[in-house]
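Right, one structure below, let's go through it.
Protein chains: 2
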Amino acid sequence: MMVSTKGRYALTVMVDLARNEGDGYVSLSDIAERENLSMKYLESIISILNKGGMLMSLRGKNGGYKLAREPKDYNISEILLLTEGTLAPVNCIMQEGVQCEKAATCSTLPLWAGLDKAIEGYLSAITLEDIITGNRKKMLGDYCESCAPDGKAE
Amino acid sequence: MMVSTKGRYALTVMVDLARNEGDGYVSLSDIAERENLSMKYLESIISILNKGGMLMSLRGKNGGYKLAREPKDYNISEILLLTEGTLAPVNCIMQEGVQCEKAATCSTLPLWAGLDKAIEGYLSAITLEDIITGNRKKMLGDYCESCAPDGKAE
DNA sequence: ATAAATCCTACTCTGTTAGTAGGAATATGT
DNA sequence: ACATATTCCTACTAACAGAGTAGGATTTAT
Chain E
1 MMVSTKGRYA
11 LTVMVDLARN
21 EGDGYVSLSD
31 IAERENLSMK
41 YLESIISILN
51 KGGMLMSLRG
61 KNGGYKLARE
71 PKDYNISEIL
81 LLTEGTLAPV
91 NCIMQEGVQC
101 EKAATCSTLP
111 LWAGLDKAIE
121 GYLSAITLED
131 IITGNRKKML
141 GDYCESCAPD
151 GKAE
Chain W
155 MMVSTKGRYA
165 LTVMVDLARN
175 EGDGYVSLSD
185 IAERENLSMK
195 YLESIISILN
205 KGGMLMSLRG
215 KNGGYKLARE
225 PKDYNISEIL
235 LLTEGTLAPV
245 NCIMQEGVQC
255 EKAATCSTLP
265 LWAGLDKAIE
275 GYLSAITLED
285 IITGNRKKML
295 GDYCESCAPD
305 GKAE
């Protein structure tokens, strides 16, 4: 598994915030209740988003969080990268030039590098706004089987 | 991390077998020595490949393994799927119609489904032969930064 | 002052990963 | 027949990561 609940919930939080933008600062307890997730756990996740500059926060009564930018200005890759640490599909692909010592002769490395690129490419092309507006074409292509398990196209 | 050493070593084994095809059956100890991996661990991995019909095996002295088909007739997706169990990037995407109960209303599901599709698409387009022959264009596209960490294109 | 919120540190429980260990079954060469 | 080289099979273990929980300190609006 590449994306844990941490990254998934982080995205859920971002989507929830985007949907409730107008309301000023949104409290974590509201988000946790709406999304039916543990508030304590979300706390640790939203803290990463906040420190990473994705959010603005206000402490004290009536405090909470809101998006630092507009939904269209977040891509999914950056949200997941921040919370997960890496999106690399294998250990041999690591950040910034750090390489396996066999890299020069490894015949499978180009495969992993290519897979990494494919993942990065997909995720960085999609914005938070695409998710809010349900831009299925962008996310799934023209037709998505996995969305129609009963055999009917949507 | 989506692909563990299990899947990675499985691919390494397949590549090693493809490279040493002419020699009839190849023993596990030869592979382990060449690839510098624990033979005992490889044993458990190659057993999965064998039971999954990817290999032919011969017991006893001079025994070993060889590919059941030609390298061009294996795609990477099937090798990894067999050994890893799943390639799904998240828990909400599972096999054959099994779905999260919130699936119908989940706004992030299309993203995960699309990512899964992108991964599957990439991996199933590449064959074992592509790896043997070092088909970088197919694996990496026209230019690969991660292959030239010193800043020079190859 | 009180209540409602973020912020911070530390802990725990569980499952997965990455192996290791030991031996049984099978085939070959001498 | 026998020693040897191999696959095959079951079980075990140590370390790490994932998924939270717990408790309280700090800040701000009313």
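The listed protein sequences correspond, in order, to chains E and W.
With my numbering applied, the first sequence corresponds to residues 1 to 154, in that order.
With my numbering applied, the second sequence corresponds to residues 155 to 308, in that order.
The beta carbon of each residue, even a glycine, is placed where N, CA and C say it ideally should be.
If only uninterrupted alpha helix (DSSP H) runs of at least 4 residues are considered, those enclosed by the stretch 12-84 of chain E are 28-35, 39-51 and 76-84. Rounded to the nearest whole angstrom, the CA to CA distance from W:S183 to W:M193 is 6 Å. Runs of alpha helix (DSSP H) with 4 or more residues, each lying fully within the stretch 111-136 of chain E, are found at 128-132, listed in chain order. W:L263 sits in a helix when the DSSP states are folded into three classes. Using a Cβ-Cβ cut-off of 8 Å, E:S107 is close to V169, I285, I286 and G288 of chain W, given in chain order. Going by beta carbons, W:V180 and W:G218 fall inside the 7 Å limit. By the Cβ test, the stretch 120-131 of chain E is in contact with the stretch 77-93 of chain E, since at least three Cβ pairs between them sit closer than 8 Å.
Of all C-beta pairs linking the stretch 202-212 of chain W to the stretch 260-269 of chain W, fewer than three are shorter than 8 Å, placing the two stretches out of contact.
Between E:K117 and W:A272, the alpha-carbon positions lie close to 11 Å from each other. Rounded to whole angstroms, the gap between the alpha carbons of E:S47 and W:L165 is 39 Å.
Of all alpha-carbon atoms in W:Y195, W:I199, W:D170 and W:G178, the one lying nearest the alpha-carbon of W:E189 is that of W:D170.
By the neighbour-count criterion, in which a residue is buried when 16 or more other Cβ atoms sit within 10 angstroms of its Cβ, W:M293 is buried.
Collapsing the DSSP output to three states places W:G295 in coil. Ranked by how close their Cα comes to the Cα of E:T86, the residues E:Q99, E:E120, E:A104 and E:R59 have E:E120 in first place.
At a cut-off of 7 Å, the C-beta of W:P225 has no neighbouring C-beta in chain E. Going by C-alpha positions, E:N135 is about 41 Å away from E:A104. Rounded to the nearest angstrom, the gap between the Cα atoms of E:L128 and E:R19 is 10 Å. Under the three-state reduction of DSSP, W:T240 is assigned to coil, being neither helix nor strand.
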